[in-house]
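Be aware that the sequence shown starts at 1, since it is given in full-length UniProt numbering, and climbs by one per residue.
Structure, as structure tokens:
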Amino acid sequence: MNETQILLAFGGIGLAALACQWLAWRLKLPAILFLLLSGILAGPVLGWLDPQELFGPLLMPLVSMAVALILFEGSLTLHLSQWREIGSVVQRLVTVGALATWAVITLATHWLLGFDWLLSLLLGTLTLVTGPTVIVPMLRVVRPRASIANILRWEGIVIDPIGALLAVVVYSFIIASASGEGLSHSLMVFGGVIACGTVLGIAGGWLLGVVLRRQWLPEYLHNLAALAAVLGIFIGSNQLMHESGLLAVTLMGMWLANMRGVDVQHILHFKENLSVLLISGLFILLAARLDLSALLALGPAVLILLLVIQLVARPLNMLISTAGSSLNWRERALLAWIAPRGIVAAAVSAIFAIRLDEAGYEGALLLVPLTFAVIIGTVVVQSATARPIARLLNVAEPAPSGFLIIGANGPAREIGKALQQLGSRVLLTDSSWENISAARMEGLPTYFGNPASQHAEAHLDLIGLGHLLALSPSGELNTLAVMRFRHDFGHQRLFSLAHSQESRRSDKHRTSDKHRGKLLGNDSLTYSKLASLLAKGAEFYSTTLTEGFTWEDYQALHGERATVLFARDPSGWVHVVSSDSQLKPATGWTLLAVIQPQAQ
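Okay, here's the thing in structure tokens:
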């Protein structure tokens, strides 16, 4: 390939990756599905992309380093301190339940496809991992009950690094067994891989943690240091003991994530962004290398394997994991249906298959198309059917019409109680324990903490919530919350109170309207004014309009004493009244307003 063709190929991969990520965001489906399909279309179907010709001998080293970075990023999310928080169901899902899934897939692969036991074991480990990158987009579409969503989300977070570690161990054992110099030698090689990967991984994680904790490097070099350390440990471990590098970087991430006094959040954010870039390009390239003819040659056995994974392995896992729990049969049924395979399976299978093929392992290259078939099959089937099944089982949340309220102060609590009386779900967040305690005493659901924190990203339950009300007295916190939840709710459903000082500030000091959201009520309704009205006896009242009491009658009765903030239409949807609203409620609408007492 000449220089122009290489540049066009890189540009095409970049555009395809961006288009796939955007399409996944718009449709709220896992991006891996579109990335794999675009790679298959560009490679074996149309013949536009040949990764081997494009990269030559650099292809496999680049894939290996990309996989190492992906595994390190995944292992950074495994915090052992969270083990008690995730509940007994999730603990069993990622331990005994995962072993049951592994056993079923291993047996089915051996009997249906004729793979030997070691390759069957490896495929079993590769295809038992779900992961947050496929679970979270699916949950946004399915919108199951909070109990189901929390279990699936935590399972994806925890099983990701555990499954990767298990796959690396099994792969190392196969490599050791392939040496062909007897059982004792194989065990020695396997022990050497485990020992070398463990020692270097823990040592690398500890050393990097010490560097970060003692601030031996300026903060702007932390990400570069982490990247260099991961690649250095990966390459050095492989040089000392062949194929021990993946184990080393996985353990390195786990050790660093659980090291006291080390903040890895900024590194994790950098690695997440880097992983999006690597995953997007990597999966297009790997899919372009698929041998579809070899996969089709296996015949209907592949479809039977998918049915076994969907209808036997996952239900058995759920039966074992939910035994004795408070979940009803409907919730267990949905949990038994949702388990899409994801990033780790696709990334790791490619490098393992190539290494095993180079070691002379017959049939190893079939691991890649089989793993990709499982990924595409589970993602497509479950994405298409999970929402209807959730509705059929009556375990799906209604349309996300609830309210996330920033602040648990007095005015926020009054609005929260009024919205609850309209039948809307509310969740109040605040960093003041006094405010949170008062809200809980009044029967309001709360989250104690900063809604823009890393902890909130993992624990804040947004199921059923579709609007943001930024009601904190701090204008800066309101702006931060609007920016934080813009992607979750969309800019049309972000509301905040006006700030009395904003109008007096110059343009260079005034918060941009797009970062402030829509103004709740009207331009003059500030937090101070609302708190003052409530202190002077104003109250929230809900009024349903009828043919005998119209909107005009309502306005004539209350006049300027009433500030309408919310309106529920006859279908039950709650509309937020903002400064740019053109409210024209009709018969059957229910108005929620703060009404000042009449002058004596």
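Glycine is no exception: its CB is placed at the ideal position from the N, C-alpha and C atoms.
Contact between the stretch 400–415 and the stretch 434–441 is present: 3 or more CB-CB pairs across the two stretches fall below 8 Å. With respect to LEU128, TRP102 sits close: the two C-beta atoms are nearer than 8 Å.
For THR95, there is no enclosing alpha helix (DSSP H), as DSSP gives it neither H nor E.
Under the three-state reduction of DSSP output, VAL264 falls in the coil class, being neither helix nor strand. For PHE489, no beta strand (DSSP E) encloses it; the enclosing alpha helix (DSSP H) starts and ends at 486–489. Of the candidates TYR220, PHE495, ALA346, LEU187, ALA346 places its Cα closest to the Cα of LEU35.
Look at HIS455 here: in three-state DSSP terms it is helix. 8 Å or more divides the Cβ of ARG330 from the Cβ of THR130. Taking C-alpha positions only, PHE173 is separated from GLY191 by approximately 9 Å. Going by beta carbons, HIS499 and GLY475 fall inside the 8 Å limit. If you look at VAL594, you'll find it isn't in any alpha helix (DSSP H); it sits in the beta strand (DSSP E) that goes 590–595. When C-alpha distances from ALA538 are compared across GLY87, ALA149, LEU122, GLU414, the shortest belongs to GLU414. Counted as a single uninterrupted DSSP element, the beta strand (DSSP E) harbouring ILE406 occupies residues 402–406. Within the model, the alpha-carbon separation for ALA98 versus ASN258 is close to 23 Å. Listed in chain order, the non-local C-beta contacts of SER321 below 6 Å within the same chain comprise VAL89, ARG92, LEU93, GLY97, local neighbours out to five positions each way being set aside.
Here HIS242 has ILE175, VAL193 as same chain residues with Cβ atoms under 8 Å from its own Cβ, once five neighbours each way along the sequence are excluded.
For TYR541, there is no enclosing alpha helix (DSSP H); the residue is found in the beta strand (DSSP E) stretching over 539–544.
Residue pairing by DSSP places HIS575 opposite ALA567 in a beta bridge.
The shortest C-alpha to C-alpha distance from ARG145 to any of GLN52, GLY253, THR590, LEU393 is the one to LEU393.
Contact annotation: GLY466 and ALA456 have beta-carbon atoms that are not nearer than 8 Å. Out of ASN238, ALA203, GLY253, PRO445, the CA that lies nearest to the CA of LEU227 is found in GLY253. The residue among ILE6, THR543, VAL134 with its C-alpha nearest the C-alpha of VAL380 is VAL134. Here PRO137 has ALA24, LYS28, LEU29, PRO30 as same chain residues with Cβ atoms under 7 Å from its own Cβ, once five neighbours each way along the sequence are excluded. Setting aside the 5 residues that flank it on each side, TRP589 is surrounded in the same chain by LEU545, ALA567, ASP569, each with a C-beta closer than 6 Å to its C-beta; the list follows chain order.
In the three-state DSSP reduction, GLY47 falls in the coil class, being neither helix nor strand. Straight across, the Cα-Cα distance linking LEU592 with TYR541 is about 6 Å. For the pair PHE372 and LEU165, the Cα-to-Cα distance works out to about 20 Å. Shown here, TYR361 sits in coil according to DSSP, grouped into three states, outside any helix or strand. Contact between the stretch 275–293 and the stretch 215–224 is not established, with fewer than three Cβ pairs separated by less than 8 Å. Distances from the CA of LEU251 to each of LEU295, ASP461, LEU285, GLY205 were compared; the closest alpha carbon is that of GLY205. Bounds of the alpha helix (DSSP H) holding THR385 are 367–392. At the C-beta level, VAL158 and ALA313 stay beyond 8 Å of one another. Under DSSP, no beta-bridge partner is assigned to PRO473. The Cβ atoms of GLY11 and ALA287 do not sit closer than 8 Å to each other. The DSSP-derived three-state label of HIS222 is helix.
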